[in-house]
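Residues 834 to 1094 (this note's numbering) are what the sequence shown spells out, left to right.
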Amino acid sequence: MTNHLKELLGGVGLLPRGLGLVVRRPRLFLWGALPPLITSIVFLAALVALATQIEPITAWLTPFAAGWSRDLATVVRVLVGAALIGGSVLVMVISFTAITLAVGSPLYDKIAESVEDELGDAPIPTPEPTTTSLARSVRQSVAFIAVSLLGSVALFLTGFVPLVGQLAAPVLSAVFGGWMLCTELIGTAFERRGLLQLSQRRAAMRRNRARVLGFAVPTFLLLAVPFAAVVVFPAAAAAGTLLARDLLANDRHPDRPAARR
834 MTNHLKELLG GVGLLPRGLG LVVRRPRLFL WGALPPLITS IVFLAALVAL ATQIEPITAW
894 LTPFAAGWSR DLATVVRVLV GAALIGGSVL VMVISFTAIT LAVGSPLYDK IAESVEDELG
954 DAPIPTPEPT TTSLARSVRQ SVAFIAVSLL GSVALFLTGF VPLVGQLAAP VLSAVFGGWM
1014 LCTELIGTAF ERRGLLQLSQ RRAAMRRNRA RVLGFAVPTF LLLAVPFAAV VVFPAAAAAG
1074 TLLARDLLAN DRHPDRPAAR R
């Protein structure tokens, strides 16, 4: 078994480990489930509204197909509709994560702190003025959503590539969405160590791609399932802390595989 495969499987195992850590704190787990429950209701309502209006929207987006044969126009509009819904799900999951983390920030910080305290070697949090922290959080959330919009447009266009596009777009969506999601979930642990810039998180993730994707892609796919986030999100907050510790430990010892505490 290659080291990359071991790292990939190690990443896959982080979410169950995170769930195991957080369910031992039932009150914290239940409080952590409340923000994703609220946002799940809002986002599901938005997705249902989009789905019910998908036919007129796709007709508006494809005026060029008006003079085509009925069968060909239907095929094109179905593909456009599927790509639109897929792109919307991508944006919704990423923005859902950003909004849920913002709404439940104190709760998820508490989950991250409890994981750090249980595993030991947790640093003293770096002090930061509340206004500065809030402004940075808002800037980063806006940046996440903007990048996800650009990514969804690119993936939307990929879906139109004959044969390859229909296979590549869902895979690329899961990879891209998972990567963005992971960047958010490891934030608390990085910030606790004074690593406040998104570029610092991304650099650590790039050096450990297999482990990151092993965690990020399954988590993203689970969060795309309506109301699964109620259980997944608190576990993902704990697992993101586990992953951050692994990434930072691996950076301190670049000649070793990522730590498995």
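Glycine included, every Cβ here is placed at the ideal spot set by N, Cα and C.
Taken in chain order, the whole alpha helix (DSSP H) runs of length 4 or more contained in the stretch 902-969 are 903-936, 938-952. The C-alpha of VAL926 is placed about 25 Å away from the C-alpha of LEU1028. Measuring C-alpha to C-alpha distances from GLY853 to each of PHE1066, ILE887, ILE1019 identifies PHE1066 as the nearest.
The three-state secondary structure of GLY900, taken from DSSP, is coil. The beta carbons of SER921 and LEU894 sit no closer together than 9 Å.
The residues LEU847, LEU848, GLY851, in chain order, have a CB closer than 6 Å to that of ALA1072 in the same chain once the five nearest residues on each side in sequence are set aside.
By the C-beta density criterion, ALA878 is exposed, having fewer than 16 other C-beta atoms within 10 angstroms.
Per DSSP, the unbroken alpha helix (DSSP H) holding GLY1020 starts and ends at 1020-1025.
Within a 10 Å sphere around the beta-carbon of ILE1019 sit 16 or more other beta-carbons, which makes this residue buried.
In the three-state reduction of the DSSP assignment, PRO859 falls in the helix class, which pools H, G and I. Separation of the CB atoms of ASP1079 and THR1021 is rounded to 15 Å, and the pair is thereby denied contact status at 8 Å. For the pair of segments examined, the stretch 1031-1039 was found not to touch the stretch 978-992: the number of CB pairs separated by less than 8 Å stays below three.
Judged by DSSP in its simplified three-state form, GLN1033 adopts helix. ARG1042 has its alpha-carbon roughly 11 Å from the corresponding atom of VAL1008. Secondary structure at PHE1060: coil, using DSSP grouped into helix, strand and coil.
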